[in-house]
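Visitor:
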Amino acid sequence: MPIDFATIRELTQDQALERTQAARAELGDRLTILGHHYQADEIVKLADITGDSLELSRRAAKVSSEYIVFCGVHFMAESADMLTAFHQKVILPDLAAGCSMADMATHEELESAIEYLESLGLSILPITYVNSSAAVKKVVGAHGGVVCTSTNAPKIVTWALGQTGKTVLFAPDQHLGRNTSFKLGVSLDQMPLWDPKIHDGGAGEDAYRNARVILWKGHCSVHTRMNKSDVDHWRATDPERKILVHPECTFEVTQSADLAGSTSFIISELAKAPAGSKWAVGTEVNLVKRMAALHPDKDIQPLSKIQCLCSTMFRIDPWHLCWVLENLVEGVVVNQIVVDEETRQFATQALDRMLELS
Ligand code: SF4
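Residues in the sequence shown are numbered from 37 upward in steps of one, following the numbering used here.
1) Between LYS98 and VAL324, what straight-line distance do the alpha-carbon atoms span, to the nearest angstrom?
2) Please state whether DSSP places GLN372 in a helix, a strand or coil.
3) Helix, strand or coil for HIS255 per DSSP?
4) Once you ignore the five residues that flank LEU67 on each side, which residues in its own chain have a CB closer than 6 Å to its CB?
5) To the nearest whole angstrom, what separates the beta carbons of ALA293 and ILE303, a pair I think is in contact under 8 Å?
6) For LEU391, I'd like the list of residues in its chain whose CB is within less than 8 Å of its CB, leaving aside the five on either flank, ordered along the chain.
7) Taking GLN23 as the reference, give the member of CYS107, VAL175, GLY108 and LEU357 with the closest Cα.
8) Can you tell which of MET262, LEU63 and THR299 has its C-alpha closest to the C-alpha of ALA189?
9) Hey, how far is the Cα of VAL365 from the Cα of HIS72?
10) Look at the alpha carbon of LEU306 and the alpha carbon of MET327, and state the distance between them as a whole number of angstroms.
11) In chain order, what are the residues with a CB under 7 Å from some non-hydrogen atom of ligand 1?
12) Below 8 Å between beta carbons: does that hold for VAL249 and VAL289?
13) Just how far apart, CA to CA, sit CYS346 and ARG45?
14) Are VAL166 and THR185 touching if we call contact CB-CB under 8 Å?
15) Determine whether the beta carbon atoms of MET112 and SER89 lie at a separation below 8 Å.
16) Which two residues bound the contiguous alpha helix (DSSP H) that contains LYS325?
17) Do ALA386 and VAL375 count as a contact pair if the criterion is CB distance below 8 Å?
18) Do the segment 145-163 and the segment 352-368 touch if we need at least three Cβ pairs shorter than 8 Å?
19) Below 8 Å on the Cβ atoms is my guess for ALA141 versus PRO228; work out the distance and round it to an integer in Å.
20) In terms of DSSP beta bridges, what is TYR103 paired with?
21) Enumerate, from N- to C-terminal direction, the unbroken alpha helix (DSSP H) stretches of 4 or more residues contained entirely within the segment 188-273.
22) Which residue spans inside the segment 274-353 form an unbroken alpha helix (DSSP H) run of at least 4?
23) Can we say the segment 307-322 touches the segment 270-279, given the rule of at least three CB pairs closer than 8 Å?
24) Using DSSP with H/G/I as helix, E/B as strand and the rest coil, what is GLY87?
25) Does VAL172 come out as helix, strand or coil in the three-state DSSP assignment?
26) Compute the distance between the beta-carbons of ASN322 and LEU131, then report whether it is under 8 Å.
27) Please say whether GLN199 and LEU251 have beta carbons closer to each other than 8 Å?
28) Quick check on the DSSP output: the beta strand (DSSP E) that includes THR164 runs from which residue to which?
29) Applying the criterion that 16 or more other CB atoms from any shown protein chain within 10 Å of the CB defines a buried residue, is ASP266 buried or exposed?
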């Protein structure tokens, strides 16, 4: 018998966590729980494997359990489904856990952007950030393109820039695309924006013909909440404090920071920093707080005074996790993420290309 979520919602958080542990023990090695670094502490503690998008993609591909419960957002669960075997079931505890950035590029918009740009005589090599739907990854795979994460973006963009005669189209995060390409020597005037809401992208034919990298007009609503005035505040009040940010932050913020890099980079920089060092960290607040708790000998603060929380990640809570696990114990699979065969075939090509190149 399926268990109704309404009955689980009545539990206290402690009860939900206790019952989740019990269900997890009963499922044993039939279950693997994957947890993204931006998840809340109580979820991360229950995860068998934690990581950023790249680590979780890699690890998902090697997991052999029947059920993979993905504590992250929708596009990550789709990637996990594509990288695992057909008999394995990937489950997202709350289907409303999406990503506003991923929603900024649809597969229809990407198809029509490529069609228009190729009508100008360009040969487009699309790169999509992993934060995109499987349908967008399918378009990218079908056009010989590749997926990237914030960790491997420099490698992937370097590879793409080395493909003779190609113009790179980087979607959906303009900031990761701009920050990465600029570091690799591409000037800002060689990176026009493509606005998917305008039929010809809006930057003009000459800008696209002269481009090395065309940037999709998308962004992360969490990382773009941090701005240059946050950096200026720390510089003025605590000049010794180092500023460490994620490349989904704006160009202005990453340029004014001391260091910029992926979630894994942020974690490793903070781990190896000397005791007593002071940091202002520009990324999702759950991760910053976890790092501060993990390194009490260092002074780690969020860059911004605004709580930059990924509200969609936060939808994965102890109640939803308890609900999906108890249903699995009952033999009922709820919230399974299934990518259709045709999408899987092309999107997997783009994902596999990423794994080969990184
Ligand atoms: S932090 Fe930004 S990019 Fe990451 S899942 Fe949340 S909205 Fe999407």
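In this text, a Cβ means the ideal position worked out from N, Cα and C, and glycines have one as well.
For clarity, every value in this text was computed on a predicted model and none was experimentally measured.
Guide: Taking the structure as given:
1) On the sequence shown, residue 98 is found 62 positions in, with the first residue counted as 1. On the sequence shown, residue 324 is found 288 positions in, with the first residue counted as 1. Whole-angstrom Cα-Cα distance: 29 Å.
2) For this step, residue 372 is matched to residue 336 along the sequence shown. Note: GLN372 maps to strand in three-state DSSP.
3) Here residue 255 is taken as the residue at index 219 of the sequence shown, counted from 1. If DSSP states are grouped into helix, strand and coil, HIS255 belongs with coil.
4) Here the question's residue 67 lines up with position 31 in the sequence shown. Taken in chain order, the residues that qualify are SER101 and TYR103.
5) Working through the sequence shown from its first residue, we reach residue 293 at position 257. Working through the sequence shown from its first residue, we reach residue 303 at position 267. Your pair ALA293 and ILE303 does not check out as a contact, with CB atoms roughly 16 Å apart and the cut at 8 Å.
6) Counted from its first residue, the sequence shown places residue 391 at position 355. In the same chain as LEU391, and ignoring 5 residues on each side of it, the C-beta atoms closer than 8 Å to its own belong to SER93, ARG94 and ALA97, in chain order.
7) With the chain covering only 37 through 394, there is no way to say anything about residue 23.
8) As a first step, residue 189 is located in the sequence shown; it is residue number 153 there, counting from the start. When MET262, LEU63 and THR299 are compared, the shortest CA-CA separation from ALA189 is found for THR299.
9) Taking the sequence shown and counting its residues from 1, the one referred to as residue 365 is at position 329. Taking the sequence shown and counting its residues from 1, the one referred to as residue 72 is at position 36. VAL365 and HIS72 have their C-alpha atoms roughly 24 Å apart.
10) Against the sequence shown, residue 306 aligns to sequence position 270. Against the sequence shown, residue 327 aligns to sequence position 291. Cα atoms of LEU306 and MET327: separation of roughly 8 Å, rounded to the nearest angstrom.
11) Selection output, chain order preserved: TYR74, VAL109, CYS135, SER136, MET137, ALA138, ASN167, CYS256, SER257, VAL258, HIS259, GLU284, GLU320, CYS346, THR348 and MET349.
12) For the purposes of this step, residue 249 is identified with residue 213 of the sequence shown, where counting begins at 1. For the purposes of this step, residue 289 is identified with residue 253 of the sequence shown, where counting begins at 1. Going by C-beta atoms, VAL249 is not nearer than 8 Å to VAL289.
13) As a position in the sequence shown, residue 346 is number 310, starting the count at 1. As a position in the sequence shown, residue 45 is number 9, starting the count at 1. Straight through space, the alpha carbons of ARG45 and CYS346 are spaced by roughly 22 Å.
14) Mapped onto the sequence shown, residue 166 falls at position 130. Mapped onto the sequence shown, residue 185 falls at position 149. Yes. Within cutoff.
15) Mapped onto the sequence shown, residue 112 falls at position 76. Mapped onto the sequence shown, residue 89 falls at position 53. For MET112 and SER89, yes; Cβs fall inside 8 Å.
16) Locating residue 325 in the sequence shown gives position 289, where the first residue counts as 1. Boundaries of the alpha helix (DSSP H) harbouring LYS325: 321-330, taken from the DSSP string.
17) Counted from its first residue, the sequence shown places residue 375 at position 339. Counted from its first residue, the sequence shown places residue 386 at position 350. No, they are not a contact pair.
18) Not touching, per the Cβ criterion.
19) On the sequence shown, position 105 is the one that residue 141 refers to. On the sequence shown, position 192 is the one that residue 228 refers to. Between the beta-carbon of ALA141 and that of PRO228 there is about 16 Å, and that puts the pair past the 8 Å contact cut.
20) As a first step, residue 103 is located in the sequence shown; it is residue number 67 there, counting from the start. In the DSSP output, where bridge partners are listed per residue, TYR103 has LEU67 and LYS125.
21) The segment 188-273 contains these whole alpha helix (DSSP H) runs: 189-197, 210-219, 241-245 and 264-273.
22) DSSP runs (the alpha helix (DSSP H)) wholly in the segment 274-353: 287-292, 299-308 and 321-330.
23) Contact between the segment 307-322 and the segment 270-279 is present: three or more C-beta pairs spanning the two stretches fall below 8 Å.
24) Translated into positions along the sequence shown, residue 87 becomes position 51. Of the three classes helix, strand and coil, the one that applies to GLY87 here is strand, per DSSP.
25) One-based indexing of the sequence shown puts residue 172 at position 136. Helix at VAL172.
26) Along the sequence shown, one-based indexing puts residue 322 at 286. Along the sequence shown, one-based indexing puts residue 131 at 95. Not in contact: ASN322 and LEU131 (Cβ atoms no closer than 8 Å).
27) Residue mapping note: residue 251 aligns to position 215 of the sequence shown, counting from 1. Residue mapping note: residue 199 aligns to position 163 of the sequence shown, counting from 1. Pairing LEU251 with GLN199 gives a Cβ-Cβ distance that is not under 8 Å.
28) If you number the sequence shown from 1, residue 164 lands on position 128. Taken as a continuous stretch (DSSP letters only), the beta strand (DSSP E) holding THR164 covers 159-165.
29) Here residue 266 refers to the residue found at position 230 when the sequence shown is read from its first residue. Its Cβ being crowded by 16 or more others within 10 Å, ASP266 is buried.
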